[in-house]
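In our numbering, the protein residues as written are 9 to 469.
Cβ atoms here follow ideal geometry from the backbone N, Cα and C, with glycine treated the same way.
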Amino acid sequence: MKTDNSSTRIAQALRSRAAALPPGAALPSVRALMREMGVGPATVQQALHALAREGVLESFPGRGTFVAGAPAATEAGDTLWQTLALGPARAGAADLLALSEVPPAGTFPLNVGYLPPELRATSLLNAAAARALRQPGVWDRMPGTGLPALRRWFAGAIGCPEHEVIVCPGTQPALAAAFQGLAAPGSRVLMESPTYLGALLAARAAGLVPVPVPTDAEGVRPEPLEAALRESGARLLYLQPTHANPTGASLAPARRAAVMDLAHRHGLFILEDDWARDFGFEAAPPPLAANDPEGHVILLRSLTKCAAPGLRVGALRVRGAAFERLRAARVAVDFFVPALLQETALNLLTAPSWPRHLRRLRAALRARRDALAAALRERLGDSCLDALPSGGLHLWLRLPGDADDEAVARAAAHRQVLVSAGRAWFPAEATGPRLRLSFAAVDPAVATTVAGRIAEAVREA
Ligand SMILES: Cc1ncc(COP(=O)(O)O)c(C=O)c1O
């Protein structure tokens, strides 16, 4: 009985560890695990077998145990040629893959950038989808720019004409299309440092070279931005002016004017990722795109964050010649967003209780932010957090200067708390050790427990 209990505990710890590692990563030997966990060989073997059955780990006699899901190059000799043909993996790819994993049951997934099930609009969505299914033509082709009524809804929400809207399957594919459509491979793209790592990866996948621009508590800094513009010759800037992921910072009003002025003077496109528009706890300034008659700003909105991750619907707002470029880039990837999803989104957004969902969501998120921040400050000191973000989903935790963020993330995963190491969020070198924590994942009732485990992980690492 004791062995069973201990092996369940060890399986849980190894499951969390595997979740934080890329596929193919080696686990310590059985002997090392016995020493580390203070148990006998039978207990470790039992846990490893259980995880192999679940498909979490793979064991190869004589070679060791590895996180499952790696290409079978070492097993099947006939695919080894792929390693040569593929060349080195793209920087950041493993970090984004780790982040997009579905978290194992029993963990606190503070590495996830979406709402947890209890905060999603699930019943509203179910009703919206049921109505969509009854609509005629729900399996038909759709225009590449989207369902006209949904384009109209986004146009109203953004404050622009309908013909400037392109519906997309969330903002990640829209980012990919925008990087491909707005800049030639090999050119530079300015990115806040730190920034959303999915944007970094999409830019690199489009053959662009990210150039970091420093930020502070008021968002991107205009003077270094101007210097970077002059030195790099870049004509594209990826920006999150409102509740940026990962820092939570919002661009100060005076800087908004300065950034727009730079865009006019340097002929610059700004890709404005407005992913957190629905998550403001206080009134936020309008997007840069609201005051942009000359078409410098391309705006991205998403419903995956405020409704549920499976409602993969978002929108691009773009005017001028860039519209056709982005329309073509979008269609080249996946033709159109399925009608079923678009009709569902439209039903949801026009449901009388949608505004109530958003109000409740903001209140719940604010309570989660406050509870986790207070618990972290109590255990790690006030300086572990700067001013709290006035919206969004994340806290950007400062670690002691000599801490290794990845070691802390691993130590936290051993304690079933999944977090994202800060270094992956920087286009170049990190300016200090940080963790990105999604406060959305933490019910206030468990904030103390979670913060306690993070503090233990910091001490251990
Ligand atoms: C800043 C930011 N932009 C875009 C995305 C992509 O979101 P989606 O494709 O689900 O709309 C994310 C997801 O985490 C994000 O954090």
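Expressed to the nearest angstrom, what Euclidean distance is found between the alpha-carbon atoms of Glu-109 and Thr-16? Straight-line Cα distance between these residues: approximately 22 Å.
Output the residues surrounding ligand 1, defined as those with a CB atom closer than 6 Å to any ligand heavy atom, in chain order. Close to ligand 1, as judged by a C-beta nearer than 6 Å to any of its heavy atoms, are the residues Gly-121, Gly-178, Thr-179, Gln-180, Tyr-204, Gly-206, Gln-248, Asn-253, Asp-281, Trp-283, Ser-310, Thr-312, Gly-322, in chain order.
So for Pro-156, helix, strand or coil by DSSP? The answer is helix: DSSP assigns Pro-156 an H, G or I state.
Bounding residues of the beta strand (DSSP E) (the contiguous stretch that carries Phe-277): Element bounds for Phe-277: 277 to 281.
Would you say the stretch 174 to 192 touches the stretch 366 to 379, given that touching needs at least three Cβ pairs under 8 Å? No contact exists between the stretch 174 to 192 and the stretch 366 to 379.
Whole beta strand (DSSP E) elements within the stretch 306 to 375, 3-residue minimum: Segments of the beta strand (DSSP E) lying fully in the stretch 306 to 375: 322 to 325.
Verify whether the separation of the beta carbon atoms of Leu-334 and Val-321 is less than 8 Å. No, Cβ-Cβ distance for Leu-334 and Val-321 is not below 8 Å.
Chain-order list of residues whose beta-carbon lies under 7 Å from that of Ala-298 (same chain, five-residue window excluded): Excluding positions up to five away in sequence, the list reads Gly-167.
Do Phe-116 and Ala-449 have their C-beta atoms closer together than 8 Å? Taking a C-beta distance under 8 Å as the contact criterion, Phe-116 and Ala-449 qualify as a contact pair.
Quick check: is the beta carbon of Thr-115 nearer than 8 Å to any beta carbon in chain D? Absent here is chain D; the protein component of the structure consists of one chain.
Let's see if you can read the secondary structure: which residues bound the alpha helix (DSSP H) around His-402? Careful: His-402 lies outside any alpha helix (DSSP H), inside the beta strand (DSSP E) at 402 to 406.
Based on DSSP bridge pairs, tell me the residues matched to Ala-266. Under DSSP, Ala-266 forms no beta bridge with any residue.
Sequence-distant residues of the same chain with beta carbon closer than 8 Å to Ala-372, five excluded per side: Counting only Cβ-Cβ distances below 8 Å, and skipping sequence neighbours, we find Leu-127.
What separation, rounded to the nearest whole angstrom, lies between the Cα atoms of Ala-395 and Trp-147? Roughly 48 Å between the two C-alpha positions.
Of the residues Ala-421, Leu-356, Ala-411, Thr-457, the one placed nearest Trp-161, counting alpha carbons only: Comparing alpha carbon positions, the residue from Ala-421, Leu-356, Ala-411, Thr-457 closest to Trp-161 is Leu-356.
Got a sec, what are the start and stop residues for the beta strand (DSSP E) Gly-72 sits in? That run of the beta strand (DSSP E) goes 72 to 75.
Bounding residues of the beta strand (DSSP E) (the contiguous stretch that carries Val-466): Val-466 -> not in any beta strand (DSSP E); alpha helix (DSSP H) instead, spanning 455 to 468.
Would you mind reading off the limits of the alpha helix (DSSP H) that contains Val-38? Val-38 -> alpha helix (DSSP H) spans 38 to 45.
DSSP state of Gly-389 mapped onto helix, strand, coil: Three-state DSSP puts Gly-389 in coil, outside helix and strand.
State the Cα-Cα distance for the pair Ala-273 and Arg-71, rounded to the nearest angstrom. In the sequence under discussion, the amino acid at residue 273 is Arg, which differs from the Ala named in the question. Each residue's Cα considered, the two are about 60 Å apart.
Helix, strand or coil for Ser-201, going by three-state DSSP, please let me know. Strand at Ser-201.
Closest to Leu-348 by CA distance: which of Gln-143, Glu-302, Val-64 is it? The candidate whose alpha carbon is nearest that of Leu-348 is Gln-143.
Tell me the start and end of each unbroken beta strand (DSSP E) in the stretch 162 to 206 that is at least 3 residues and wholly inside, in chain order. Taking only runs of at least 3 residues, the beta strand (DSSP E) segments lying wholly in the stretch 162 to 206 are 173 to 176, 196 to 201.
In terms of DSSP beta bridges, what is Val-221 paired with? Bridge partners of Val-221: Glu-200.
Under 7 Å Cβ to Cβ from Pro-293, same chain only, skipping five residues before and after it: list those, please. Result list for Pro-293: Pro-261, Arg-264, in chain order.
Going by the beta-carbon positions, is the gap between Phe-74 and Pro-220 smaller than 8 Å? Cβ distance not < 8 Å, so Phe-74 and Pro-220 don't count as in contact.
Determine the burial state of Val-305: buried for a count of at least 16 other Cβ atoms within 10 Å of its Cβ, exposed for fewer. It counts as buried.
Contacting residues, own chain, Cβ-Cβ under 7 Å from Gln-20 (five flanking each side not counted): Taken in chain order, the residues that qualify are Gly-114, Gln-424.
Beta-bridge partners of Val-64, as assigned by DSSP: DSSP output for Val-64 lists no bridge partner at all.
Excluding the 5 residues flanking Ala-429 on each side, which residues of the same chain have their C-beta closer than 6 Å to its C-beta? Exclusion of the five residues before and after Ala-429 leaves Asp-413, Glu-414, Ala-417 as the residues of its chain whose Cβ lies within less than 6 Å of its Cβ.
Proximity to Leu-369 [Cα-Cα], best of Leu-123, Cys-176, Val-345, Tyr-246: The candidate whose alpha carbon is nearest that of Leu-369 is Leu-123.
Through-space distance from Ala-257 to Thr-250, alpha-carbon basis: Going by the C-alpha atoms only, they are around 7 Å apart.
Span of the beta strand (DSSP E) around Ser-398: Per DSSP, Ser-398 lies in no beta strand (DSSP E) segment and is marked neither H nor E.
Can you give me the start and stop residues for the beta strand (DSSP E) that Ser-446 sits inside? Where Ser-446 is concerned, the enclosing beta strand (DSSP E) stretches over 442 to 446.
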